Each structure stands twice: as structure tokens, then as C-alpha cells.
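Numbering (the numbering used here), first residue to last: 55 to 471. The C-beta atom is built at its ideal place from N, Cα and C for all residues, glycine as well. On a predicted model such as this, the values are computed, not experimentally measured, just so you know. Notes to accompany the following structure.
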């Protein structure tokens with residue numbers, strides 16, 4: 055994988071540069087490296103248990119079980135001992151909408167340390183830190199989900215920190231990834247944002263090009279959501295549009311503008327759609343970061359008057375969800391599903407999505423492209439609320455997200471390993 059090779063080259067050069075530093079700094083560096091190697095050795099020598107604790111679907115609830123088998127490793131996967139997990143709306147939806155099978159392990163975002171390599175994994179070693187996403191509560195792989203002590207992670211769509219980052223053990227403001235809590239907020243949301251902007255909307259993976267890639271603005275409804283915040287950053291860095299317009303609560307305006315939003319409209323305003331249409335009548339790319347029937351109908355009305363426009367949503371809604379009186383021939387509704395990044399068929403509720411090799415390639419290419427940017431601090435994680443009781447906190451976290459108690463932040467549970 056090209057990024058890993060570049061990372062190895064960077065590390066080798068960094069070691070050469072440290073020879074010119076002061077002796078005391080060199081000693082500290084050696085001590086840090088030795089501690090890291092000791093920790094990796096301990097991980098490698100740890101005998102894996104036959105069962106683990108995990109959060110599974112039981113009836114209509116997320117329940118912690120202690121006798122769950124460890125997941126098997128498919129080709130290209132690594133077994134990760136969990137350090138932190140992040141919760142997403144898709145987690146509770148798999149339970150409440152009865153998408154996930156009974157007994158399946160819940161959760162998508164995970165960060166941890168590799169304890170075992172599966173077949174054909176060549177770019178990682180036991181002891182490496184890694185953070186990535188899985189399809190929790192899936193029909194195809196029900197024994198694998200993020201909310202577990204051990205998780206099987208696809209190494210080709212996973213991210214690697216440039217150094218041995220640790221837990222911060224505290225809530226975090228938005229900022230560069232310097233902790234496991236910050237890292238674990240990114241896989242689902244950032245990768246989805248990347249696929250939407252590149253595969254679906256045709257933006258090239260070019261960092262800060264001189265001219266906008268499209269000659270019209272982008273509208274993101276739900277700019278402060280877990281996907282809205284990285285979408286704004288990425289659209290700005292790719293210089294994809296003439297303007298980036300966000301719809302969110304005004305309390306998030308300063309943060310969203312610091313990411314690159316040019317204008318923020320408050321969704322609380324009853325005339326928010328009229329406000330947007332009065333200033334912008336040529337929005338051809340629109341992303342519904344909330345993705346429920348109400349927001350889809352709202353954002354649909356903001357699409358360009360004459361030009362062909364596409365409304366992107368994150369679930370399985372389509373034009374039938376839009377009120378018939380609002381539908382226009384020039385505006386289409388489509389969707390994305392990050393689970394297709396596995397490159398395999400995805401049974402999902404009442405439908406089965408066929409394998410999509412192009413989707414997988416887009417996800418892998420994007421991860422390779424953006425990983426060094428994360429490590430350079432050019433992509434920031436969103437604010438983090440930390441729960442310190444590991445799996446025991448997951449049911450509460452999911453219920454709070456379902457009830458909309460979180461705003462502009464990601465819920466993260468940490469494990470005491």
C-alpha cells in the first residue's frame with residue numbers, strides 16, 4: 055500500500071534527523087520507542103481468549119454479553135484489541151429498524167492495537183495501532199462489530215496513526231488527531247464524506263487546487279453532524295465548489311466556518327428554505343447529513359431551479375420519500391452506503407445491494423490519499439464526549455443518540471486495557 059511505504063520512508067528519515075537533536079531529546083525518544091516496543095511485545099505474547107464481551111442485539115435492545123466468540127479473520131483482515139469505539143446513528147437504527155440479526159454484534163467505528171494478522175496482510179504487524187470501520191450488526195458477518203473486546207478490521211480501508219498515540223481520558227474539543235478518542239471519530243464519517251465527494255460527485259483527490267472543481271456551490275444539511283463536519287473540511291481542502299453552504303444550529307456557526315463553511319443557515323428558522331433560495335438558485339450538489347424524511351424534503355427544495363441537481367442522502371430513501379408536489383425532473387435523489395466498501399454483496403433490511411468493486415476502490419484510494427493529511431493535522435476530528443466504562447456505556451450512548459441528546463459531538467467509549 056503506497057501510504058504505508060511512504061510512512062516507512064518518513065519514519066526512517068525522521069530517525070536520521072533525530073541524531074542532530076540534543077542528547078536529552080534523543081534519550082527521551084529512545085525511552086518512548088522502547089516503551090512502545092515493550093508494549094507491542096506484550097501484545098504479541100498475549101494468548102487470545104476463546105470468548106469475549108460484546109454488545110449484541112437482543113430483542114429491541116443493545117445488551118452486553120460476556121460469552122461471545124471472537125470473529126474469524128477474512129482475507130486482508132487483522133484482529134484488533136479494542137481501545138476506543140465511537141457510536142453512530144446507524145448503530146441504533148440497525149436495532150430499532152430490525153436491520154441487524156438477533157445476536158449480532160453492534161457498532162462500526164473502532165480503534166485499537168493489532169493482536170493477530172489474517173491471510174495476506176503485509177502492511178501491518180502485531181502491535182501496530184489501527185483505526186477503521188466495520189459493518190456492525192450485519193447479516194453477512196454477524197459475529198463482527200466494533201462494540202466488542204476484539205474486532206476484525208479490513209486493513210485496506212483502515213487508518214494508521216504516524217505515532218503511538220494514546221487515550222486522553224477526557225472530553226475533547228475539535229482538533230488534530232493526537233489521541234485514540236479523536237482517531238476513532240473519523241473512519242465512518244470521513245470515509246463516507248470522501249466517497250461522496252469523489253466517487254459520487256466527481257471531485258478529484260487534489261489538495262487545495264487553485265481553482266474550484268465545480269462552478270456552483272455545495273449545500274450540506276446537517277453541517278454540525280458527524281458527517282457534516284468532515285464534509286465541510288474535505289470540500290474546502292479539495293476546493294470542490296465556489297462556496298460551501300451549511301445548514302445547522304447557529305451555535306455551531308463559528309466552528310463550521312473555521313472548517314471552511316462560507317455561510318451557515320439556522321435550521322430553526324421557519325423560512326430557512328426561502329433564505330437559501332433567495333441567495334442561491336444554482337445548487338447542483340446537495341448532501342443530507344441528517345437523512346430523515348423531513349430533512350430530505352427540505353433539502354430537495356433547495357436544489358437548482360434549472361440545472362441538473364443531485365441530492366445525496368445516507369440511508370435507503372429515494373424520490374418516493376419526497377412529496378409528489380415538490381418533485382422536479384431536474385432533481386434526482388440518490389444515496390450512498392459505506393458498507394459497500396467491503397467489495398461484497400450487502401444484505402440490508404428488505405434489499406440486497408450487489409457487490410460494487412468501484413465503491414471499494416474509491417474507499418481504498420481515499421484512505422490512502424487522506425491518511426497522511428490526518429497525520430499532518432490537516433483534517434480535524436469533531437468534538438468528543440468520552441464515556442470511560444467501555445462496553446457498559448454503549449446502551450446509554452445509543453439511546454442518547456437516538457433521542458438527539460448529542461449535538462455537534464461524537465460519543466466515544468474507552469476501554470481500560
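So, under 8 Å CB-CB, residue i and residue j are touching, yes? Tell me the CB distance rounded to an integer number of Å.
| i | j | result |
| --- | --- | --- |
| residue 199 | residue 190 | 4 Å |
| residue 248 | residue 424 | 6 Å |
| residue 208 | residue 396 | 7 Å |
| residue 273 | residue 219 | That pair is no contact at about 34 Å. |
| residue 110 | residue 157 | 5 Å |
| residue 135 | residue 204 | 6 Å |
| residue 445 | residue 147 | With 8 Å as the limit, residue 445 and residue 147 do not qualify as a contact, their Cβ atoms being about 19 Å apart. |
| residue 318 | residue 302 | 6 Å |
| residue 449 | residue 141 | Contact flag wrong, Cβ pair sits at about 10 Å. |
DSSP puts residue i in a beta bridge; with which residues?
| i | result |
| --- | --- |
| residue 472 | Within the shown structure, residues of the chain are numbered from 55 to 471, placing residue 472 beyond reach of any answer. |
| residue 194 | According to DSSP, which records beta bridges pairwise, residue 194 is partnered with nothing at all. |
| residue 467 | 139 and 441 |
| residue 171 | 132 |
| residue 275 | 301 and 342 |
| residue 184 | 166 |
| residue 388 | 366 |
| residue 402 | 405 |
| residue 382 | Paired residue(s): none; residue 382 is not in a bridge. |
| residue 435 | 229 |
Looking at residue j and residue i, is the spacing between their C-beta atoms short of 8 Å?
| i | j | result |
| --- | --- | --- |
| residue 283 | residue 433 | no |
| residue 201 | residue 139 | yes |
| residue 335 | residue 316 | no |
| residue 441 | residue 467 | yes |
| residue 132 | residue 170 | yes |
| residue 125 | residue 197 | yes |
| residue 130 | residue 210 | yes |
| residue 172 | residue 275 | no |
| residue 462 | residue 278 | yes |
| residue 402 | residue 245 | no |
| residue 376 | residue 351 | yes |
| residue 162 | residue 242 | yes |
| residue 118 | residue 159 | no |
| residue 266 | residue 293 | yes |
| residue 309 | residue 228 | yes |
| residue 380 | residue 341 | no |
| residue 181 | residue 137 | no |
| residue 214 | residue 168 | no |
| residue 407 | residue 400 | yes |
| residue 472 | residue 387 | The displayed coordinates of the chain run from 55 to 471. Any statement about residue 472 would go beyond what the structure contains. |
For residue i, decide whether its Cβ has a neighbour in chain B, counting only Cβ atoms nearer than 8 Å.
| i | result |
| --- | --- |
| residue 457 | Structure shown: chain B not included; a single protein chain is present. |
Consider the C-beta atom of residue i and the heavy atoms of the ligand PLP; say whether any pair is separated by less than 7 Å.
| i | result |
| --- | --- |
| residue 147 | For the structure depicted, the ligand PLP is absent and the ligand set is empty, with no information on it obtainable. |
**Study point:** Segment contact, 8 Å Cβ cut-off, at least three pairs: the region 292 to 299 with the region 228 to 235
**Key:** The region 292 to 299 vs the region 228 to 235: no contact.
Practice item. Return the chain-ordered ranges of every alpha helix (DSSP H) run that is complete within the region 91 to 167 and spans a minimum of 4 residues. Key: Taking only runs of at least 4 residues, the alpha helix (DSSP H) segments lying wholly in the region 91 to 167 are 143 to 150.
Point to revise | Sufficient close CB pairs (3 or more, under 8 Å) joining the region 365 to 375 to the region 389 to 399 | key: Contact check between the region 365 to 375 and the region 389 to 399: three or more CB pairs, one atom from each, fall below 8 Å, which counts as touching.
Review point. Is it true that the region 352 to 362 meets the region 135 to 154, where meeting means three or more beta-carbon pairs spaced less than 8 Å apart?
Key: No, the region 352 to 362 does not touch the region 135 to 154.
Check your understanding: Is the region 435 to 448 touching the region 236 to 246 in the sense that three or more CB pairs, one from each, lie closer than 8 Å?
Key -> Between the region 236 to 246 and the region 435 to 448 there are three or more inter-stretch CB-CB distances shorter than 8 Å, so the stretches are counted as touching.
Review point. Is the region 316 to 333 touching the region 249 to 260 in the sense that three or more CB pairs, one from each, lie closer than 8 Å?
Key: At 8 Å Cβ cutoff, the stretches do not touch.
Review point. Going along the chain, which unbroken runs of the alpha helix (DSSP H) with 4 or more residues stay wholly within the region 193 to 238?
Key: Taking 4 residues as the shortest admissible run, the region 193 to 238 contains the following complete alpha helix (DSSP H) segments, listed from N- to C-terminal end: 234 to 238.
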